[in-house]
Each structure stands twice: as structure tokens, then as C-alpha cells.
Amino acid sequence: MVGRRRNSSLFRAASSMSLFDRRTFLIFAIASLGAVAGCGFTPAYAPGGTAAALRGHVDVDAPSDRESYALANRLSTVFGPTTTPLYRLSYDISTTEHAIGLTRDQEITRYHIEGKVSFTLTEIQTERILTKSDVSSFTAYSATGSTVDAITAPRDAYERLMVILADQMVSKLITTVEMQK
Numbered sequence: 001m002v003g004r005r006r007n008s009s010l011f012r013a014a015s016s017m018s019l020f021d022r023r024t025f026l027i028f029a030i031a032s033l034g035a036v037a038g039c040g041f042t043p044a045y046a047p048g049g050t051a052a053a054l055r056g057h058v059d060v061d062a063p064s065d066r067e068s069y070a071l072a073n074r075l076s077t078v079f080g081p082t083t084t085p086l087y088r089l090s091y092d093i094s095t096t097e098h099a100i101g102l103t104r105d106q107e108i109t110r111y112h113i114e115g116k117v118s119f120t121l122t123e124i125q126t127e128r129i130l131t132k133s134d135v136s137s138f139t140a141y142s143a144t145g146s147t148v149d150a151i152t153a154p155r156d157a158y159e160r161l162m163v164i165l166a167d168q169m170v171s172k173l174i175t176t177v178e179m180q181k
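Using full-length UniProt numbering, you'd call the opening residue of the sequence shown number 1 and step up by one each time.
Right under this line is the structure:
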């Protein structure tokens, strides 16, 4: 009996419980898909979805600095090149930078950047404002490292922040245009 191993009832209960959990999950997932399909849900990026309706039709304001260039570039990537402008997207960017990491000698080791974009989507033909909203987020970067790091880290952080803000803008715009259909 020394070399013989017995299956404990605890092990059997755990394995049957796992099977039960999988079945419950699958039943719930299938039921959820049916509920979503029944309510008229359409994926935003599907052909004929809201994002497809905006693609090629949003004229984004021209950038004036490095930050606005990163924001406009991301928006242009998502909406595509403007072929037939139906909407004008204007925006105003504001950022603040704070030192957040200090050594005992009061040397700054990390910076925190907060950004906010106020934007307006206007229908070009009627000059009707479809939405006016704000988005905000933050990012950070390290102030330690080489000379090259000291130059590239802030640039990269600001660019990351603009991409985050642009993605938030796109989400709000898709939702707004969908609600107005």
C-alpha cells in the first residue's frame, strides 16, 4: 500500500466543479449573444457601422504644434483620409506637467503629464454642432537616464498621451453619431 495513491473525494469534487463552471459559462455566453443580437446591436467598426459612416468624412483641424500633430495624426489614421468632408472636428489641447518623483536630494526622477482635449464635431453643410465634449487622461515619464533619454522620454510621453486622448475622442464621437441616427 505504500506505492499506491488514492484519489481523494476533494480532487473529484474540484474536477466536477470545474466542469460545472465551464458549462455554466458556455450557457451564459450563448444566452448573452442571443440577447445582444436580439436588441439590434451592430459593431461600430463593422461594414455599415457608425465608424464606417465617419470614415473619410471627418475633416480634422490642421495641427499647429507637436502635440496637435500627434493627435491629428491618430485621428486621421482612425478616420482615414478625408474624401468627402461632411463633418469638421475642431479641438483645443491643454496639458500640465508635474514632478512626481523626488530623491532625498530633491532631484526630480519622474514627471506626470495630464492632458485634456475639448472638441466639437460640426456638420459642415448645416453648421449644426453634433457634439461638444471633453476627454482627459494622463501619462508619465522618467527623468533619469542619458542625454538622449532626457530628450526622447518627454516627446514619447506627450505622443502617447495624444494617442490615448484621440482614441477616447473617437469612442465618444462614434457613440454620439450612433445616437443621432
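By construction, the Cβ of each residue, glycine as well, lies at the ideal position given by its N, Cα and C atoms.
Assuming residue i contacts residue j under a Cβ cut-off of 8 Å, what Cβ separation, rounded to an integer in Å, is found between them?
| i | j | result |
| --- | --- | --- |
| Glu67 | Ile93 | 5 Å |
| Arg110 | Phe79 | Actually they do not touch by this definition, with Cβ atoms about 34 Å apart. |
| Pro85 | Ile27 | The pair is not a contact, with the Cβ atoms about 48 Å apart (cut-off 8 Å). |
| Lys142 | Ala153 | First, the residue type needs correcting, since residue 142 is Ser and not Lys in the sequence shown. Right, the Cβ-Cβ distance comes to about 6 Å (below 8 Å), so this counts as a contact. |
Look at the Cβ atom of residue i, then the Cβ atom of residue j, and state whether they are nearer than 7 Å.
| i | j | result |
| --- | --- | --- |
| Arg160 | Thr139 | yes |
| Val117 | Leu89 | no |
| Met162 | Leu71 | yes |
| Met169 | Val135 | yes |
| Gly115 | Leu165 | yes |
| Ile100 | His112 | yes |
| Tyr91 | Val58 | no |
| Lys132 | Thr120 | yes |
Spell out the partners DSSP gives residue i in its beta bridges.
| i | result |
| --- | --- |
| Asp92 | Ser118 |
| Gly101 | Arg110 |
| Leu140 | What sits at residue 140 in the sequence shown is Ala, not Leu. In DSSP, Ala140 forms a bridge with His112. |
| Ser146 | Ser146 is not bridged to any residue. |
| Val135 | Val117 |
| Val58 | Tyr87 |
| Ile27 | None, per the DSSP bridge assignment. |
**Continuous alpha helix (DSSP H) assignments of at least 4 residues falling wholly in the segment 62–86** = Listed in chain order, the alpha helix (DSSP H) runs fully inside the segment 62–86 are 66–79, counting runs of at least 4 residues.
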